[in-house]
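Engineer: My questions will all concern the structure given below.
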Amino acid sequence: MADDLRVGILGYGIGGRVFHAPLVAATPGLTPALITTSSNAVQARTDYPGAEVVPDADSLFERAGELDLVVVSTPNRTHVPLALRAIEAGLPVVVDKPFAPTALEAEQVVAAAKAAGVGLTVFQNRRLDSDFLTVRKVLESGKLGEVFRFESRYDRWVPKPKDNWREFGDPAEAGGLLYDLGAHIVDQALQLFGPVTHVYAEVDRRRDGVQVDDDVFVALTHANGVRSHLWSSALAGTQNPRFRVLGDQATFTKYGLDVQEPQIKAGVRPGDDGWGVEPASDAGRIGVGNDVKTVPTETGRYEQFYAQVRDALRGEGEFPVDPESSVETLRVIEAAHRSGAEGTVIRL
């Protein structure tokens, strides 16, 4: 519609094609107006005939005056320079995770946005996963008693490395599982239990030829005393619990993964029947011994991210993710890399 806010999407790989463009298009009041891609132009034009497809970032920023928002969904090492270009152009910006290769660079982007008075947020979409929303609800219920340990696994079975920068690139690319999936599971732990005081990690390369980590374990000690144990592996051949939360009154265990990403890939969109709804068989369980009850899984809500972005652009609310929180996630990821390299516990 004529009064829709116009969104420019930088990149049409997995992030732009599977997440950002579909979610922007599904948000009333937003429309994908410009999409940059040099390799997927035909696909982008087919998917969004109302959007103009341009070859590169220069082509997009030449037309910054036609846009209300820029989404940075490009290789990780380009997040910072492209976010800074958007800010310099006076455009609010959504940056995909990981926000930046380092916390220092992320802080520079935050400072630039504040100085320019430009909106800035980070796409931490896994805060809106069905399973994570369920964990939040269980914690809020108090049924676990005093929680002392949080366990989170985000695994894959990919024995043959993919031929892309995420697995074969220079370390400066900020590839590897700690930056890829770790940006989600570390963020989730910080959202649930707050600041971290100590970080210990085991960061390994298990598959032949990979130049980045593909098997990681991270142990966090939070300031409130809770310990988070986080795993991610490209060589997990069987299913482990996605979440396990231990308290002094009960334990909560949850299998299965949020369904929104595979749903989008299959053509399902927010508002369609079954959107964000996990199979009943993946419901979590809470209790002690044989006294265990089923916990219905919350519905995933990825659509809330861009709805909040739209409202913030209209001056009707806050952006969905405070970028400072993503800076903290990067500090933990950097500490985990250091711990893995040195074999030591890092104090933050």
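Quick note, the numbering used here runs 1118 ahead of the 1-based positions in the sequence shown. Even for Gly, the Cβ is constructed at its ideal location relative to N, Cα and C. Predicted model, so just to flag it, every value in this text is computed and none were measured.
(1) Could you spell out the range, first to last residue, of the beta strand (DSSP E) harbouring Pro1150?
(2) How do the segment 1263 to 1271 and the segment 1356 to 1371 stand: do at least 3 beta-carbon pairs fall below 8 Å, yes or no?
(3) Taking only the alpha-carbon atoms, compute the straight-line gap between Phe1179 and Val1125 and give it to the nearest angstrom.
(4) Identify, in the order they occur along the chain, each residue of the same chain with its Cβ nearer than 8 Å to the Cβ of Leu1431, setting aside the five sequence neighbours on each side.
(5) Under a three-way DSSP split, which group does Thr1462 fall into?
(6) Indicate the three-state DSSP secondary structure (helix, strand or coil) for Phe1217 in the structure shown.
(7) Give the straight-line distance between the Cα atoms of Pro1414 and Trp1393, rounded to the nearest whole angstrom.
(8) Could you give the DSSP three-state label for Gly1365: helix, strand or coil?
(9) Applying the 10 Å Cβ sphere with the 16-neighbour rule, what's the burial state of Thr1155?
(10) Entirely within the segment 1233 to 1261 and at least 3 residues each: give me those beta strand (DSSP E) ranges in chain order.
(11) Glu1170 by DSSP, collapsed to three states: which one?
(12) Just the C-alpha distance for Asp1298 and Arg1323, rounded to the nearest angstrom, thanks.
(13) Which value, in whole angstroms, describes the spacing of the CA atoms of Ser1457 and Arg1267?
(14) Measure the C-alpha to C-alpha separation of Lys1255 and Asp1174 and round it to an integer number of angstroms.
(15) Looking at C-beta atoms only, is the number of pairs between the segment 1215 to 1226 and the segment 1186 to 1204 that lie closer than 8 Å three or more?
(16) In the DSSP assignment, find the beta strand (DSSP E) that holds His1316 and state where it starts and stops.
Structural biologist: To lay it out plainly:
(1) Membership of Pro1150 in the beta strand (DSSP E) is indicated by the continuous run 1148 to 1154.
(2) yes
(3) Rounded to the nearest angstrom, the two C-alpha atoms are 12 Å apart.
(4) Leu1123, Asp1186, Leu1187, Pro1210, Gly1237
(5) coil
(6) coil
(7) 16 Å
(8) strand
(9) Buried.
(10) 1238 to 1241
(11) strand
(12) 15 Å
(13) Whole-angstrom Cα-Cα distance: 20 Å.
(14) 43 Å
(15) yes
(16) 1314 to 1322
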